[in-house]
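Undergrad: Chains as they are written, first to last, in this note's numbering: chain F, 1 to 881; chain L, 1001 to 1881.
1. So, at 8 angstroms on beta carbons, what are the nonlocal neighbours of residue 188 of chain F in its own chain, with the 5 sequence-adjacent residues on each side left out?
2. Looking at residue 1246 of chain L and residue 1327 of chain L, is the spacing between their C-beta atoms short of 8 angstroms?
3. Taking 8 angstroms as the CB-CB cut-off, is residue 1725 of chain L touching chain F?
4. Among residues of its own chain, excluding the 5 on either side of residue 1177 of chain L, which ones have a beta-carbon nearer than 7 angstroms to its beta-carbon?
5. Below 8 angstroms on the Cβ atoms is my guess for residue 1465 of chain L versus residue 1392 of chain L; work out the distance and round it to an integer in Å.
6. Measuring only between beta-carbons, confirm whether residue 810 of chain F sits less than 8 angstroms from chain L.
7. For the region 767-795 of chain F, list every residue whose C-beta sits within 8 angstroms of some C-beta in chain L, in sequence order.
8. Suppose contacts are defined by Cβ-Cβ distances below 8 angstroms. Is residue 771 of chain F in contact with residue 877 of chain F by that definition?
9. Below 7 angstroms CB to CB, which residues in the same chain sit around residue 151 of chain F once its five sequence neighbours on both sides are set aside?
10. Interface residues of chain F around residue 1664 of chain L at Cβ under 9 angstroms?
11. Looking only at its chain, what residues have a beta carbon closer than 7 angstroms to the beta carbon of residue 1572 of chain L, apart from the 5 residues adjacent to it on each side?
12. From this set, L/1501, L/1386, L/1558, which residue's C-alpha is nearest residue 1443 of chain L's C-alpha?
13. Counting along the chain, where does the alpha helix (DSSP H) carrying residue 1384 of chain L start and finish?
14. Report the residues of the region 1713-1746 of chain L with a CB closer than 8 angstroms to any CB of chain F, ordered along the chain.
15. Which word fits residue 722 of chain F, buried or exposed, when buried means at least 16 other C-beta atoms lie within 10 angstroms of its C-beta?
16. Does the beta-carbon distance from residue 1860 of chain L to residue 1372 of chain L come in below 8 angstroms?
17. In angstroms, rounded to a whole number, what distance separates the CA positions of residue 781 of chain F and residue 1789 of chain L?
18. DSSP puts residue 1703 of chain L in a beta bridge; with which residues?
19. Could you spell out where the beta strand (DSSP E) holding residue 1252 of chain L opens and where it closes?
20. What do you get for residue 1149 of chain L, buried or exposed, if any count of 16 or more other CB atoms within 10 angstroms of its CB means buried?
21. Do the CB positions of residue 1751 of chain L and residue 777 of chain F come within less than 8 angstroms of each other?
22. Going by DSSP in three states, residue 352 of chain F sits in which element: helix, strand or coil?
23. Between L/1787, L/1764, L/1717, L/1697, which lies nearest to residue 1736 of chain L when the distance is taken from Cα to Cα?
24. Taking Cβ positions only, does residue 1332 of chain L come closer than 8 angstroms to chain F?
25. Residue 672 of chain F versus chain L: which residues are under 7 angstroms apart at the beta carbon?
26. Taking the alpha helix (DSSP H) that residue 524 of chain F belongs to, which residues open and close that run?
27. Please list, in chain order, the chain L residues whose beta carbon lies closer than 8 angstroms to that of residue 797 of chain F.
28. Between the region 822-831 of chain F and the region 739-759 of chain F, can you find at least three pairs of beta-carbon atoms closer than 8 angstroms?
29. Which residues in chain L have a C-beta closer than 7 angstroms to the C-beta of residue 408 of chain F? List them in chain order.
30. Give every residue of the same chain whose Cβ lies closer than 6 angstroms to the Cβ of residue 1420 of chain L, excluding the five residues on either side of it in the sequence, and list them in chain order.
31. Do you know how far the Cα of residue 1700 of chain L is from the Cα of residue 1347 of chain L?
32. Please tell me whether residue 1262 of chain L and residue 1319 of chain L are closer than 8 angstroms, where the distance is taken between their beta carbons.
33. The region 820-832 of chain F: which residues have C-beta closer than 9 angstroms to a C-beta of chain L, in chain order?
34. Candidates F/98, F/457, F/363: which alpha carbon is nearest residue 438 of chain F's?
35. Residue 710 of chain F touches chain L at which residues, Cβ-Cβ below 7 angstroms?
36. Starting from residue 1074 of chain L and walking both ways along the alpha helix (DSSP H), at which residues does that stretch end?
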């Protein structure tokens, strides 16, 4: 027969799945000789069985539990519910994956009207006995019977009022006896039943309550957020009680073996004298720093330090320990790997390597790439003076400044002109997405941490302050008030999404700096990873940041941003509106000189490293004003009678209408532009090679990689590739110098992946554009879906993840795998990378490693994340071998 | 050494690729003993070599040609360019694929100032000799030297003027001698060189000219239109001349072995007495019916009939023969399979089976499915009275009637209301596409057969009359004038795209009827094909037509058209606007009763056959008014002060804005609607099963197949499949009867194909929606691409075909193949079909057969095309085995 209950003596740390984290660690500590109060664990399988059998505990499980209870009674020489020297136990949940605060705990179980007297007799402390009893009744009633906490607190309050005292400590044994009486009356009233006096019944009710708590709302939500499977189940730990509240030689506390905030190697924690665990949690008394224990109980302190050292050596990780001191004797109630900040995680991992505790590989695996991302946000310079005018919720980390705008359309327009804006709204809706995209950050006066603005901004990695109800937004006057301060459209503010602060004016911000430990960890990661890491960067500034974070090249330089800049847009529009070849040439040559500057700057920053430049990708109408705006403008001009401008605007409107598309995402863009308007791509190629040659002449080594976007057909690549070769040759001949370069293509359409063998005949590199590839593979417009129905899909579990965040391995990934196979079959030296947003997401990076890509490319600030994730992917692969 | 020249005696019909069609058939006729003037053929390989060697004829080829010339001279006992009894030859092109009129021909080569006297001497006819000579000079000069035709005609005109005569026949030998003199002077003037007197030089120049003509503009365009590879090359046939212009016992003509228009078995053709071939072509003299030859030359006629019978039996196909009679002696100059109308093709194929000439299989392969499509258009009843008010170009076949509209937006609006409209424009642009889609037909006053309107209408299979310059369109008054008749918006006209007629009012039209032969051919096809053929039909009327054409089920019944009907749209809008569940329920229940009627009608028509019903697919905003229109309306209402309606319209506008999407094709549509608004799909499923149960109770057997569109994820199918099962069961329980049904999904997104194994766990059938699958695989919006850049892509040969017309076998087809494999691996009985437009296109049907689909589904009028194409696919496969 299957075994559903384990004595602590029978378990070990490896049995986490069966015994839960807490149970397994209690068993492990006992195994290595640490002072753990005896007990046993009901397994997670028992929990699953409980749900399978319709929330019923079967007789054989009952028998097994009582058998172990019997064993425990024998071991302690005490009996549950006995009149003399009774055994008391705690009942705690413990899932295989740590779910702090999610499950419920019951202490002092086994007390009843008889055994409370036995406890008094055993301890000689009547007040203590009745205090324990009332605590048990209260916890049991809340957790098992579901009676409101406030009702119990009300009873205590009424007693204190009657006695006219302020603190619980001022109540004596009689008072607690009275409380117990009133509690029992309350229970009878609420449940129509007496408080259960049978300790075995108490035990089973408690076990069932723990089982059921696996499916309480908090637990379900926690699992959802943390992607923990619903079918793991929780174990239940039944452990004989020790008491920290038996006088000043007793106490209870929590200790971390290292500082969980900074990672410093020092005992860290706090404790309370003469208290039980929940007093620490309740926060009624202020706990003391663990250092003070040294003076109060030097022996216990020394023992605790030894225990900490032993546990760290044993678990090879920083531990979070719960302990109780009963009459000078130390007991350990829990140990687990301690939660820590990103900074601490990095420091601890690196320190432990130096201490010889773990290997470099283990250190790399120990730090979560997603977590270290938080170390890479811009923040407000702590030295800077800041006039904080309001404070909201810190909804999306990082800091930003910009001109205040109230309307998303305006944010978009200004953003396209290269202006920095902060979008200020009462709250945002899906219709505002384009404004959020264009803004540096978002501030709303309404909505919480899960409001639309918060979710979207976090998704985009933009700072956001939400629910800032101390400001009042006035759309019609385009201003907001913060107290007596009025901030108008165009005024500059700064926001800090990590603190919620809203600051008047532009504050000095500092770019994130990598700690020495982080640098060291990344260096180790670099030694282990096979994937190269590049960055997506469109400006010399971005390139500089990327390089400082260790980027080994630019994987995607988008040229459209260069077209959008305010001083250039007029020429771009001229080019689009040109009617004669001459007009078009003129406009293009002006744009070319701008582009040359851009490329020169980027090449210089990336000296010696490859720079992949994508030729113009978006549809031309994105460079023209919006139709609705033009109509309004034209109406105004008509009224003013400005004929010349009117005519011009009407012509633009005509062109806008002609360029209008039903589905611009699937329209005349990417290489289709290059085929239809060859002069645009030619100009870009000229600019690339002029810039490259100019630097090459100065002895600066440049490696341009010209990338053709949106290819779905081999002839597109062939025709444009020939144009690039011809143009490059012309420029290099003219400049009298040769530059190494590559021609390649983005794979961002399913068909491109399916014909990768043919493409590989003309391409020297491939770069997966997984944003568009996800859109086309799923037939899903990201702009529309994320605003309108993807959240619903994820909520309903139709999709487990947003495929625009975590790469879809089956569909999109399947196409990628096909493309890699086909491409390498024809050209085994072809360089293959990824430049979609997935290139900075750890799970997706792991997949890229698995299918044998050469590099990932991500935003500059995510380069360290990618370096770490790439190393982890390589190590995981080695482990599998 | 490779042989580049073949005597006719050495060749045969099988050597078509090497000798060209003409050369191979001349050789074949000679082989079977028919009277063919002797000659030889320079091969297509010589032509390819000529281009490869930079348009030069190598010495060894020259040697080979002259060797064969020598042989020919020996065989005929004449010598090229000889003073006595000179040999004259014709030089004609002949490609492996028939390219009528595309290549150039030179007759009477070998004449010069000496041999013309020899010809005179040999024939005793000086006029004849100099007429031959001037003809030769003229043809040679036009074809080889590139001198304009008109210049030669001008010389003849001047002579006629001088003599004051009207016809060439009135000119005598002196006149022609004079013409020859003037011709030679013209040549010297134009080319600065004398007309070549060396006959060998003439020959080689002519051969080169034929080679070069392979790449003349006409030939290139012809090949492009007819998809003939550019690298085939042409052969050159050098044949001793025979003369049809040697008196009234001579003549020349063309004969078809059967009537190429009707297919009747009768000698068909025409001839000219005393004439050379080009006189027939030139059309100066009206040829006589071939029947008249019986009286004029009974022996020759009998011989010709025998030859025709022999050739038909030999080639087992209707032949198109060129013949010349020289002094009572019949010579055959060419035979080839005759071009024929669709009607004739069908009749000839079926008759030949009955005559025992060919097998049923051959008959099936003999008829082009694309060609028979023309037999399936609606046309105007020839018995009907029609007031023809104008005539334009017959730009897209078929006939239609409807209310005149001038603006595409209005056409769309009226079309959505179920009204029939004819869109009348000066010309159309890509912006008008939605209007063309909505209209029954298109009439333009400007633009030719390749204008936008013509191309688009043909693509959509809609009737179109173009370039109708006798009407004048007045947009501002919304009317057009045709002579004195004014046709206003809303007036009804009919158009006949097969004749170009524009008719006032509604004319009686007749649906196409299948001839008995066609029915028989299709019956044979049915016996051979493995693919089942279904139809896409949304109404009982369409279903009826489909069934009459042999559809074996409905492969796609789109339910959105049912939502669009004028009397239903208000309820649909109510449903979309509903704020309370009650309001929505009310609107939905009204729509449900409409849907029940629709389904009942279709099920009844398709009794005993499966009907695949696709649940609602388009985004909801398609059912609401357009944003721009609402804005205009709201402004008007504001001015009128109609507050209540204003408020309603403003609410609709708000909803329209909320539903607006950047890329509706990739947005909230298909099963995503079913997940987000489950009540809509539930209503549809209820309607399907109510209708089905109602008929089942009457003993009518129905096979509904409920189809879920736009699935990209297995959970979509799972969740909606469960809903369908549950709802179906409820309805059937309620109605007390069971109905067999299937649940399945469309595969129209790349990801659906890639997870077909998972989908097959929940789907009983798959249907490839290749329109959307092509859009997403290519990342190409059809609406945008076909209007804006696909034509350019096809012109530039970036794409060889429009992938929306001919299925892309590599990309889209690759995904289909994957899906079939994956799907059948999990569920080997799964039924798989295709319902995109490709389902009616022969090349695509062949692919569907190859990858093992179970059925194709196409528009009702293409069902016969598909039946034939499916049979051909099966036969082709057998041939390969």
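We put the beta carbon where it would ideally sit given N, CA and C, even for glycine.
Predicted model only: the values in this text are computed from it and were never measured.
TA: With the structure as the only source:
1. On the first chain, residue 188 of chain F is found 188 positions in, with the first residue counted as 1. In its chain, beyond the 5 residues on either side, 194, 195 have a beta carbon closer than 8 angstroms to the beta carbon of residue 188 of chain F.
2. In the second chain, residue 1327 of chain L corresponds to position 327, counting from 1. In the second chain, residue 1246 of chain L corresponds to position 246, counting from 1. Going by beta carbons, residue 1327 of chain L and residue 1246 of chain L fall inside the 8 angstroms limit.
3. By one-based count along the second chain, residue 1725 of chain L stands at place 725. Closer than 8 angstroms: no.
4. If you number the second chain from 1, residue 1177 of chain L lands on position 177. Counting only Cβ-Cβ distances below 7 angstroms, and skipping sequence neighbours, we find 1130.
5. Position 465 of the second chain, counted from the start, is the residue given in the question as residue 1465 of chain L. Position 392 of the second chain, counted from the start, is the residue given in the question as residue 1392 of chain L. Right, the Cβ-Cβ distance comes to about 4 angstroms (below 8 angstroms), so this counts as a contact.
6. For this step, residue 810 of chain F is matched to residue 810 along the first chain. Residue 810 of chain F has a beta carbon lying within less than 8 angstroms of a beta carbon in chain L.
7. Going along the region 767-795 of chain F in chain order, one finds 772, 775, 776, 777, 778, 779, 780, 781, 783, 784, 785, 788, 789, 792, 793 with a Cβ nearer than 8 angstroms to chain L.
8. The count along the first chain starts at 1 and reaches residue 771 of chain F at position 771. The count along the first chain starts at 1 and reaches residue 877 of chain F at position 877. No, Cβ-Cβ distance for residue 771 of chain F and residue 877 of chain F is not below 8 angstroms.
9. Residue 151 of chain F sits at position 151 when you count from the first residue of the first chain. Hits under 7 angstroms: 186.
10. The residue given as residue 1664 of chain L occupies position 664 in the second chain. Ordered by position in chain F, the residues that pass the 9 angstroms Cβ test against residue 1664 of chain L are 662, 663, 781, 784.
11. For the purposes of this step, residue 1572 of chain L is taken as residue 572 along the second chain, with counting starting at 1. By the criterion of a C-beta distance shorter than 7 angstroms, residue 1572 of chain L is surrounded in its chain by 1563, 1591, 1623, once the five residues flanking it on both sides are discounted.
12. Locating residue 1443 of chain L in the second chain gives position 443, counting from the first residue. Closest by alpha carbon: L/1501.
13. Working through the second chain from its first residue, we reach residue 1384 of chain L at position 384. First-last for residue 1384 of chain L: undefined, no H or E at that position.
14. Hits within the stretch, in order: 1713, 1715, 1716, 1719.
15. As a first step, residue 722 of chain F must be located in the first chain, where it is residue number 722. Exposed.
16. The sequence position of residue 1860 of chain L within the second chain is 860, counting from 1. The sequence position of residue 1372 of chain L within the second chain is 372, counting from 1. No, they are not a contact pair.
17. As a working note, residue 781 of chain F is residue 781 in the first chain. As a working note, residue 1789 of chain L is residue 789 in the second chain. Looking at the two C-alpha atoms, the distance is approximately 22 angstroms.
18. Within the second chain, residue 1703 of chain L is the residue found at index 703, counting from 1. In the DSSP output, where bridge partners are listed per residue, residue 1703 of chain L has L/1610.
19. On the second chain, residue 1252 of chain L is found 252 positions in, with the first residue counted as 1. In the DSSP assignment, residue 1252 of chain L falls within the unbroken beta strand (DSSP E) covering 1251-1256.
20. What you label residue 1149 of chain L is simply residue 149 of the second chain in a count that begins at 1. Residue 1149 of chain L should be labelled exposed.
21. For the purposes of this step, residue 1751 of chain L is identified with residue 751 of the second chain, where counting begins at 1. For the purposes of this step, residue 777 of chain F is identified with residue 777 of the first chain, where counting begins at 1. Yes; because the gap between Cβ atoms is below 8 angstroms, this pair is in contact.
22. Residue 352 of chain F sits at position 352 when you count from the first residue of the first chain. Annotated three-state conformation of residue 352 of chain F is helix, per DSSP.
23. Start at 1 with the first residue of the second chain, and residue 1736 of chain L comes out as number 736. When each option's Cα is compared against that of residue 1736 of chain L, the closest is L/1697.
24. The residue given as residue 1332 of chain L occupies position 332 in the second chain. No, residue 1332 of chain L does not count as interfacial toward chain F.
25. Numbered from its first residue, the first chain carries residue 672 of chain F at position 672. The contacting residues are 1789.
26. Along the first chain, read from residue 1 onward, the residue named residue 524 of chain F stands at position 524. In the DSSP assignment, residue 524 of chain F falls within the unbroken alpha helix (DSSP H) covering 516-528.
27. Working through the first chain from its first residue, we reach residue 797 of chain F at position 797. Per Cβ cutoff of 8 angstroms: 1715.
28. Counting Cβ pairs under 8 angstroms, three or more are found: they touch.
29. As a working mapping, residue 408 of chain F is identified with position 408 in the first chain. Going along chain L, no residue has its Cβ under 7 angstroms from residue 408 of chain F, so there is no contact; the nearest lies around 13 angstroms.
30. In the second chain, the residue the question calls residue 1420 of chain L occupies position 420. If the five residues before and after residue 1420 of chain L are omitted, its C-beta is found closer than 6 angstroms to the C-beta atoms of 1402, 1440, all from its own chain and listed in chain order.
31. Mapped onto the second chain, residue 1347 of chain L falls at position 347. Mapped onto the second chain, residue 1700 of chain L falls at position 700. Answer to the nearest angstrom: the Cα atoms are 38 angstroms apart.
32. Locating residue 1262 of chain L in the second chain gives position 262, counting from the first residue. Locating residue 1319 of chain L in the second chain gives position 319, counting from the first residue. Between residue 1262 of chain L and residue 1319 of chain L, the CB-CB gap reaches or exceeds 8 angstroms.
33. Cβ contacts with chain L come from no residue of the region 820-832 of chain F.
34. Numbered from 1 along the first chain, position 438 holds the residue referred to as residue 438 of chain F. Of the candidates F/98, F/457, F/363, the one whose C-alpha sits nearest the C-alpha of residue 438 of chain F is F/457.
35. Within the first chain, residue 710 of chain F is the residue found at index 710, counting from 1. Going along chain L in sequence order, the residues near residue 710 of chain F (Cβ under 7 angstroms) are 1779.
36. For this step, residue 1074 of chain L is matched to residue 74 along the second chain. In the DSSP annotation of this structure, the continuous segment of the alpha helix (DSSP H) that includes residue 1074 of chain L starts and ends at 1059-1076.
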